[in-house]
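Student:
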Amino acid sequence: MANEDFNFTRRMYFPTMVFQIDLKNPEKLNESLIEKIYNERIRDQKGISRSNIPALGGWHSHNDLHKADDYAEMVSRINQATARMSENLGYADTHEMRIGTMWSIINPPGCVNKAHVHPGCLWSGVYYIQAPEKCGNIEFIEPRTMHLMNQAKFQPNKKRPKECWTKVRFTPVPGRMLIFPSWLYHSVDTNESKEEGNDANRIIISFNLNQVKKPNKKK
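Just so you know, we're using the working numbering here: the sequence shown kicks off at 1447 and counts up by one.
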């Protein structure tokens, strides 16, 4: 608008950040992880119940995969990503982000993950190992309840600014890692893959992160 008799500035505060990390050449790592995770399911067929729904066929491993040698390379990749995050966010050099829990989920067709948060940690993440088409997007939900209760009207047929979205969906991509605030509500859509057999499964590794104090270096 011309001839305005004021200065107009939009300032942004209190952002909700989601970090996306795309691994280079993840095929060999993913192939190895798929074999290890299926072996894990053989050893622990029942698994545990969290946001998954076992009655639909979804399987959730126990929560300490990061302690097993089989997952050392995955842990190393996560540590590299979180070190970069800490640098980007200006976190204290006296602390580092470390995995507190890590698990795997296998979602066959028909499976979902209910909306949930991850209490007791700072950041949470998901790494996509196998993600056939239509296997279920992850959805993040506006964390401020007031924005869901009282929504503004926007211009029809025009894409609204990202800052005004109330939901965000990511399509899973093998080799992609998403790291997000643990308090951010999220869910996973129904796996509607049309692939055959195990190729239809959505396979991921998830993890929780906290800052821990670095050990003092000996002089």
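Yeah, the Cβ is synthetic: ideal placement off N, Cα and C, and Gly gets one too.
Looking only at its chain, what residues have a beta carbon closer than 6 Å to the beta carbon of E1486, apart from the 5 residues adjacent to it on each side?
Tutor: S1507
Student: Per DSSP, what kind of secondary structure is D1468 in: helix, strand or coil?
Tutor: strand
Student: Determine the direct distance from the alpha carbon of P1607 to that of I1584, and round the result to whole angstroms.
Tutor: 20 Å
Student: When the Cα of S1495 is compared with those of E1638, Q1597, E1641, K1560, which residue comes out closest?
Tutor: Minimum Cα-Cα distance from S1495 among the listed residues E1638, Q1597, E1641, K1560 corresponds to K1560.
Student: With respect to the beta strand (DSSP E) encompassing L1624, which residues constitute its N-terminal and C-terminal limits?
Tutor: Counted as a single uninterrupted DSSP element, the beta strand (DSSP E) harbouring L1624 occupies residues 1622-1627.
Student: For S1532, which of helix, strand or coil comes out of DSSP?
Tutor: helix
Student: Ends of the alpha helix (DSSP H) at T1591?
Tutor: 1591-1595
Student: Using DSSP with H/G/I as helix, E/B as strand and the rest coil, what is K1474?
Tutor: helix
Student: Where do the ends of the beta strand (DSSP E) carrying E1542 lie?
Tutor: Segment 1541-1553, the beta strand (DSSP E) holding E1542.
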